[in-house]
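In the working numbering, the protein residues as written are 1 to 341. Working notes for the structure below.
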């Protein structure tokens, strides 16, 4: 039956948003902003240190981890924990500060692994992703994108970056030399040859940087990494349980170089995105960025009905009767329990 093909909803628990909103916000200092502008990557430690909140967040995010298809990356549409994190501003305020202006929500994938393969001694103890940049080549200098990657569990050596590739010249040059996307069968110029990247970093980037270009991050639960969409990076998946929430915001430029504020503000009341402002900017406080979002029931990845079934929009909980609200919570809770076993 089609019900078995659907992912369960994760509802926003009572009081969860309020507890997240009460967490003391981490503001970026002038030196941190300078470091981000220089390197394109910045570790922000201790964004969320409450271990009880982290545990709750992990249980709710785990329901939708690794639904990596583009179709499933707008997780605020069906995961209440993601909506709470976005509404609380723990991640989005840091991104908006790094982008230095209003920006719009693009995606919020949940990256997780239960580490179930670690007991198979015949398999490698880790999987290394391909070097890539999040921003397509045709968008360089047109769109500015920054991602916040929040470690919900400890994430030792979870990400690697190539410093010096944020600028337009280096970004274009390294892809001209090391692009392997066509050979790998992937669209666009997104994937890079690993040996070529190491050689490029050593010969062309490090003499100018006067430091090592390739770096990795050891993150504790609650730490966050900000990185620019131009920056070449890759993920490392170790065979141990790990979970992270990634939120990406962007700004678009006009032909004359100015930012397209009209495009950004068009997401202020939108199902597929939202608008955010840097701390202290007009419009920053007193608004729910996801006020116009309706929850969606979506098919499971690779399910029989994934392509044919329409998305099912659900009415906001505030518009339901008391009985319907209770039934919805009971059904979502039961489905989540079965999925988490």
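Where a beta carbon is used, it is the ideal one built from N, C-alpha and C, also for glycine.
With a Cβ-Cβ cutoff of 8 angstroms, do residue i and residue j count as a contact?
i, j, result
"residue 205", "residue 158", "no"
"residue 140", "residue 230", "yes"
"residue 94", "residue 23", "no"
Along the alpha helix (DSSP H) that carries residue i, what are the first and last residues, could you check?
i, result
"residue 207", "206 to 209"
"residue 157", "From DSSP, residue 157 is part of no alpha helix (DSSP H) but of the beta strand (DSSP E) over 155 to 162."
"residue 67", "No alpha helix (DSSP H) holds residue 67; DSSP gives it neither H nor E."
"residue 110", "Counting along the chain, residue 110 falls outside any alpha helix (DSSP H), though it belongs to the beta strand (DSSP E) covering 110 to 113."
"residue 272", "No alpha helix (DSSP H) contains residue 272, which DSSP labels as neither H nor E."
"residue 103", "Unbroken run through residue 103 is the beta strand (DSSP E), 103 to 107; no alpha helix (DSSP H)."
"residue 87", "80 to 88"
"residue 93", "92 to 99"
"residue 265", "261 to 265"
"residue 33", "30 to 39"
Going along the chain, which residues of its own chain have a beta-carbon closer than 8 angstroms to the beta-carbon of residue i, five neighbours each way excluded?
i, result
"residue 236", "126, 127, 128, 129, 157, 158, 159, 160, 216"
"residue 92", "86, 105, 148, 247, 249, 276, 289"
"residue 177", "196, 200"
Short of 7 angstroms in beta carbon distance, which residues of its chain neighbour residue i, apart from the five on each side in sequence? Order them along the chain.
i, result
"residue 84", "12, 16, 17, 20"
"residue 307", "Caution is warranted here: a pLDDT of 48 is assigned to residue 307, below 50, making its placement in the model unreliable, and no coordinate value can be reported."
"residue 107", "73, 74, 248"
"residue 168", "140, 141"
"residue 270", "292"
Check the C-beta distance from residue i over to residue j and give it rounded, since I have them as a contact under 8 angstroms.
i, j, result
"residue 147", "residue 248", "5 angstroms"
"residue 361", "residue 112", "No answer is possible for residue 361: the residues shown for the chain start at 1 and end at 341."
"residue 9", "residue 272", "Contact flag wrong, Cβ pair sits at about 18 angstroms."
"residue 297", "residue 232", "The pair is not a contact, with the Cβ atoms about 37 angstroms apart (cut-off 8 angstroms)."
"residue 110", "residue 245", "6 angstroms"
"residue 32", "residue 42", "6 angstroms"
Between which residues of its own chain and residue i is the CB-CB distance below 6 angstroms, once the five residues before and five after are set aside?
i, result
"residue 242", "113, 153, 155"
"residue 252", "143, 260, 263"
Given 8 angstroms as the limit, is there contact between the stretch 126 to 143 and the stretch 90 to 103, that is, 3 or more CB pairs closer than that?
Verdict: no, contact absent.
Decide yes or no for the touch test of the stretch 47 to 56 against the stretch 256 to 266: beta carbon pairs closer than 8 angstroms, at least 3 of them.
They do not touch, by the three-pair rule.
At a cut of 8 angstroms, does the stretch 26 to 43 reach the stretch 211 to 227 through at least three beta carbon pairs?
yes
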